[in-house]
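Heads up: the protein sequence lines correspond to chains G and E, in order. Count along the first sequence from 1, then add 13; that gives the number in the numbering used here. Count along the second sequence from 1, then add 13; that gives the number in the numbering used here. Just so it is clear, CB atoms sit at the ideal spot from N, CA and C, and this is done for glycine as well. Owing to the predicted nature of the structure, the values given are computational and were not obtained by experimental measurement.
Number of protein chains: 2
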Amino acid sequence: MQERQRLLLQQIEQKLEAYVPKTNALYHRLLEAMRYSLLDGGKRIRPLLVLEFCRLCGGEPQKALPFACALEMVHTYSLIHDDLPCMDNDDIRRGRPSNHKAFGEDLALLAGDALLTLAFETMLSPESIIQAGADRAAQAAGTLACAAGAHGMVGGQVIDLASEGQQVPLETLQIMDECKTGALILAAAEMGCILAGANEQQKQAAKQYASAIGLAFQIVDDILDVTGTTEDLGKKAGSDADNQKSTYVTLMGLEKARQTVQDLTKQAIRALDIFDDQEVKSELVELAEFLASRNR
Amino acid sequence: MQERQRLLLQQIEQKLEAYVPKTNALYHRLLEAMRYSLLDGGKRIRPLLVLEFCRLCGGEPQKALPFACALEMVHTYSLIHDDLPCMDNDDIRRGRPSNHKAFGEDLALLAGDALLTLAFETMLSPESIIQAGADRAAQAAGTLACAAGAHGMVGGQVIDLASEGQQVPLETLQIMDECKTGALILAAAEMGCILAGANEQQKQAAKQYASAIGLAFQIVDDILDVTGTTEDLGKKAGSDADNQKSTYVTLMGLEKARQTVQDLTKQAIRALDIFDDQEVKSELVELAEFLASRNR
C-alpha cells in the first residue's frame, strides 16, 4: 500500500472514532455498541473509494471525509442487522462475537438503526454542508440513501432471503449482488465524483470501475467461502454450502469463477484510462488487484 | 377538523402511497411490508406539523411535502422495530397484527431499515432538492437525522430499555421522553420552519409549541394506558403496569398528570402568539387540544 493511501486510511479511522465519542449519557451502552462494530478493523474499502475518486476527479478528499465515513457507517449497520438471529444468525464477525452476542439483540438492533441514522447526521451536519457545499452534500447523501434502500442494499437482502435453500439462476444471483453489495460500492465511486464536481464522462468511468470490482468482490467472497479457513476469514467458512446457497462457485465452477474475477479486474483497470492522475490511478489499480487476490 | 387541514392530510396520504409503489420486483414482499405499516391509518400528526409550521412561517407547504412524508416514514420504522420480539414484543399495532406478525421478523426488520432509508431518499431526491432548495433540503434532512439518531429517538429507546422493570425518577422519565417521542415532534416544527426560511424568533416559538405538545402527548399516552381500553387504543391497554414501568401516572398520580397536560396545552397555544396567520394558528390550537383530549 502506498504512503498517501495509508494516510487516507488513518484519517478515516480518526474521523470514525470522533463521530461516535464515548459519553456518560444515559444511553452510553448504545454508543459502546456502535463503536464496537464501527471501530473493529474493517478494510475501509468503501470510504477509501470515495476519497480516491474525489481526488481522481480533482476534488479535495478532506471535504469528502464525512461522506466516506458515512458510507462505512451504513456498511457497518448492514453487517450488524445481517448477523441478527432473525437474519443470518451469525455469532462471529471479523473474528469476534457479533454485535448481538456482545450487547444483546435489542442493543444490536438499535446500534444498527443509530449507525444508519448517524450516516445522514454526519453528511448533513452544518460543517459538512459548508465544506462540501449544500448542493453536492445533498446530492451525495441522496445517492447513498438510494443505494442503501429498498431498491438497493435492503432489496438485495430480501432477494437473498427469498432465495434461501433453493437454487437460483445466475441472473437472479447477479441482480441480488448488484443490490446487496454492488450498490454501496457503486455509490462510493459516485459520491466521490459528485463531491469533486466530476463531469459525465468521469462519472461513467468511475461507475464502470466500481461495478466491475463490486461484482469481482462478491465472486471472491463466494470463492473464499469454499477455499478459505474460518480463521483467515474471521467468519465461518463453508456456510454457503451448509445453507445450500447458489453462489458463483456452484453456478460457474471454481475455475470459471476465478477467471471471471481476473476479467473483471482488468475491465475495472481499463476504465481508469480516461483519467490523468497517475498516482491515484496506480492506487486504484492496486486496490482492484488486492481485492481480487485477497484471502479474507 | 378544518377543511384546509383535511386537504393537507389527503395530500400526505397520497404522497406516502406514491413513495412506496407496488412492484413486481424480486423484492416486492419488502415493499408490501413497508406499505402495510406506512399506510395503516396513522394520525399523521408529525407530517401535519411540518406543513402547518411551514405555512405559518410564510412558506409553501407543497415544497415541504417530501419532508413531511419522510418524518412519517421515520416514525413508522421506529414503531416496526419497537414491536419486534427482541424489543417490546407487541403482536398488535393500530388494531392489526404488528409488522413482524404479518410478514415475519426478517422482513419486518428490513422494512424498518428500508423506511428509515427511504426518508432520506425522499428528502434528498433531485425533485425535492430543486423544490426546497439544496440548502434548506440539506438542513431539514440533517435536522431529522439528528432527532432520529443516537442522541434523539434511538437514544431514548435505549434509556427506556435500561429502565425496564425498575422505578426511575421523574427527571429520567422526562429525558427519555424528550428523546424518544419529543425529538421527532420537535423536528417536525423545526423542519417546517427551515423549509419556510423562518427567522430565529419564529423558530423559537415553534419549538416551544412542539416541546409542550410533545410532552403532553407522552403524558396522555401514559394516562390512556391506565384509563383506555385495548379496543380504543388499538394496542394492549395496561401494558405499562404489566411491565412495572415508571410513567407520569405512577410518578405524579392521575390528577396531577391530567392537570399537567392542560398546563402544557395552554403553554403551547400561548407560544403561537407571535404569529399572524389566524387560520393556521387556529388549526394548531385545535391540534394541541385534540392531542390533549384524545382517547387513542
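Between the region 204–215 of chain E and chain G, which residues of the former have CB atoms less than 9 Å from a CB of the latter, in chain order? Identification of residues in the region 204–215 of chain E having a C-beta nearer than 9 Å to some C-beta of chain G yields an empty set.
Would you verify that the beta carbon of Tyr40 of chain G is, or is not, closer than 8 Å to some beta carbon of chain E? Within the first sequence, numbered from 1, the residue matching residue 40 of chain G stands at position 27. Cβ-Cβ to chain E under 8 Å: yes for Tyr40 of chain G.
Is DSSP giving Arg149 of chain G helix, strand or coil here? To locate residue 149 of chain G, count along the first sequence from 1; it is residue 136. DSSP, read as helix, strand or coil, puts Arg149 of chain G in helix.
Would you kindly report the start and end of the unbroken alpha helix (DSSP H) that includes Thr242 of chain E? Working through the second sequence from its first residue, we reach residue 242 of chain E at position 229. Looking at the DSSP string, Thr242 of chain E is not in any alpha helix (DSSP H), and its letter there is neither H nor E.
DSSP-derived helix/strand/coil call for Pro79 of chain G: Taking the first sequence and counting its residues from 1, one reaches residue 79 of chain G at position 66. Note: Pro79 of chain G maps to helix in three-state DSSP.
If you measure beta-carbon to beta-carbon, which residues of the region 169–187 of chain E are closer than 8 Å to chain G? Gly169, Gln170, Val171, Ile172, Leu174, Ala175, Thr185
Under a three-way DSSP split, which group does Pro34 of chain G fall into? If you number the first sequence from 1, residue 34 of chain G lands on position 21. Here Pro34 of chain G sits in coil by DSSP.
With 8 Å set as the bound, which would you pick, yes or no: does the beta-carbon of Gly162 of chain E sit closer than that to a beta-carbon of chain G? Locating residue 162 of chain E in the second sequence gives position 149, counting from the first residue. By this cut-off, Gly162 of chain E is an interface position.
Buried or exposed for Asn112 of chain G, please, with buried defined as at least 16 other CB atoms from any protein chain shown within 10 angstroms of its CB. Here residue 112 of chain G refers to the residue found at position 99 when the first sequence is read from its first residue. The residue is buried, with at least 16 neighbouring Cβ atoms inside 10 Å.
Between the C-alpha atoms of Gln15 of chain E and Gln257 of chain G, what's the straight-line distance to the nearest angstrom? The count along the second sequence starts at 1 and reaches residue 15 of chain E at position 2. The count along the first sequence starts at 1 and reaches residue 257 of chain G at position 244. Approximately 59 Å between the Cα atoms of the pair.
Could you give the residue range of the alpha helix (DSSP H) that holds Tyr40 of chain G? Indexing the first sequence from 1 puts residue 40 of chain G at position 27. For Tyr40 of chain G, no alpha helix (DSSP H) encloses it, and the DSSP letter there is neither H nor E.
Using only alpha-carbon positions, find the residue among E:Met100, E:Gly169, E:Glu73 that is nearest to Arg149 of chain E. Counted from its first residue, the second sequence places residue 149 of chain E at position 136. Nearest of E:Met100, E:Gly169, E:Glu73 to Arg149 of chain E, Cα basis: E:Glu73.
Is the beta carbon of Ala66 of chain E less than 8 Å from the beta carbon of Cys206 of chain E? Against the second sequence, residue 66 of chain E aligns to sequence position 53. Against the second sequence, residue 206 of chain E aligns to sequence position 193. According to the sequence as given, residue 66 of chain E is Phe; it is not Ala. Contact: yes.
Start and end of the alpha helix (DSSP H) containing Cys67 of chain E? Within the second sequence, the letter at position 54 stands for residue 67 of chain E. Here the alpha helix (DSSP H) through Cys67 of chain E covers 58–69.
In terms of residue numbering, what span does the alpha helix (DSSP H) encompassing Met204 of chain G cover? Sequence index remark: in the first sequence, residue 204 of chain G carries index 191 (1-based). Looking at the DSSP string, the run of the alpha helix (DSSP H) that includes Met204 of chain G is 196–209.
Helix, strand or coil for Pro4 of chain E, going by three-state DSSP, please let me know. There is simply no residue 4 of chain E to check, as chain E begins at 14 and stops at 309 in what is shown.
Using 8 Å as the Cβ pair cut-off and three pairs as the minimum, do the region 92–101 of chain E and the region 223–240 of chain E touch? no
Give me the DSSP bridge partner(s) of Arg109 of chain G. Residue 109 of chain G sits at position 96 when you count from the first residue of the first sequence. According to DSSP, which records beta bridges pairwise, Arg109 of chain G is partnered with G:Arg106.
Does DSSP classify Arg307 of chain E as helix, strand or coil? Position 294 of the second sequence, counted from the first residue, corresponds to residue 307 of chain E. Note: Arg307 of chain E maps to coil in three-state DSSP.
Leu122 of chain E in three-state terms, based on DSSP: Taking the first residue of the second sequence as 1, we reach residue 122 of chain E at position 109. Helix at Leu122 of chain E.
Under 8 Å between the Cβ atoms of Ile287 of chain E and Ala202 of chain E? Numbered from its first residue, the second sequence carries residue 287 of chain E at position 274. Numbered from its first residue, the second sequence carries residue 202 of chain E at position 189. Going by C-beta atoms, Ile287 of chain E is not nearer than 8 Å to Ala202 of chain E.
Where Glu292 of chain G sits in the DSSP three-state scheme: On the first sequence, residue 292 of chain G is found 279 positions in, with the first residue counted as 1. Glu292 of chain G: helix per DSSP, three-state reduction.
Just to make sure I have the definition right: I need the residues of chain E whose C-beta is within less than 9 Å of the C-beta of Met47 of chain G. Which are they? Here residue 47 of chain G refers to the residue found at position 34 of the first sequence. By Cβ distance, chain E contributes Ala163.
Can you check whether the CB of Val274 of chain E is closer than 8 Å to the CB of Ala250 of chain E? The count along the second sequence starts at 1 and reaches residue 250 of chain E at position 237. The count along the second sequence starts at 1 and reaches residue 274 of chain E at position 261. Contact flag unset, no.
With a Cβ-Cβ cutoff of 8 Å, do Ala127 of chain E and Ala223 of chain G count as a contact? One-based indexing of the second sequence puts residue 127 of chain E at position 114. One-based indexing of the first sequence puts residue 223 of chain G at position 210. Contact flag unset, no.
Apart from the five residues just before and just after Leu137 of chain E, which ones in its own chain have a Cβ nearer than 7 Å to its Cβ? As a working mapping, residue 137 of chain E is identified with position 124 in the second sequence. Ala150, Ala154.
Check the Cβ-Cβ distances between Asn198 of chain E and every residue of chain G, and say whether any is below 8 Å. Stepping through the second sequence from its first residue, residue 198 of chain E is reached at position 185. First, the amino acid is wrong: residue 198 of chain E is Ile here, not Asn. False, the Cβ-Cβ gap to chain G never drops below 8 Å.
Cβ neighbour criterion (16 or more within 10 Å) applied to Glu297 of chain E: Taking the first residue of the second sequence as 1, we reach residue 297 of chain E at position 284. Contrary to the premise, residue 297 of chain E reads as Leu rather than Glu in this sequence. Buried, because 16 or more other Cβ atoms sit within 10 Å of the Cβ of Leu297 of chain E.
Ends of the alpha helix (DSSP H) at Glu268 of chain E? Here residue 268 of chain E corresponds to residue number 255 of the second sequence, with the count starting at 1. 267–284 is the extent of the alpha helix (DSSP H) around Glu268 of chain E.
What residues from the region 123–150 of chain G come within 7 Å of chain E, judged by C-beta to C-beta, listed N to C? Leu123, Asp126, Ala127, Leu129, Thr130, Leu131, Phe133, Glu134, Leu137, Ser138, Ile142, Ala147, Asp148, Ala150
Interface flag, Asp96 of chain E vs chain G, CB-CB below 8 Å: Numbered from 1 along the second sequence, position 83 holds the residue referred to as residue 96 of chain E. With 8 Å as the cut-off, Asp96 of chain E does not count as an interface residue toward chain G.
Given 8 Å, three or more beta-carbon pairs between the region 171–184 of chain E and the region 115–123 of chain G: yes
Tell me whether Lys94 of chain G sits in a helix, a strand or coil according to DSSP, three-state version. Translated into the one-based positions of the first sequence, residue 94 of chain G becomes position 81. The sequence given here places His at residue 94 of chain G; Lys does not occur at that position. Looking at His94 of chain G - three-state DSSP - the assignment turns out to be helix.
Check whether the Cβ atoms of Leu264 of chain G and Leu157 of chain G sit closer than 8 Å, and answer yes or no. Stepping through the first sequence from its first residue, residue 264 of chain G is reached at position 251. Stepping through the first sequence from its first residue, residue 157 of chain G is reached at position 144. For Leu264 of chain G and Leu157 of chain G, no; Cβs fall outside 8 Å.
Got a sec: is the Cβ-Cβ distance from Val167 of chain E to anything in chain G below 8 Å? The count along the second sequence starts at 1 and reaches residue 167 of chain E at position 154. True, the Cβ-Cβ gap to chain G drops below 8 Å.
Return yes when the Cβ of Thr260 of chain E is within less than 8 Å of the Cβ of Asp253 of chain E, no when it is not. In the second sequence, counting from the first residue as 1, residue 253 of chain E sits at position 240. In the second sequence, counting from the first residue as 1, residue 260 of chain E sits at position 247. It is a contact, given that the beta carbons lie within the stated cut-off.
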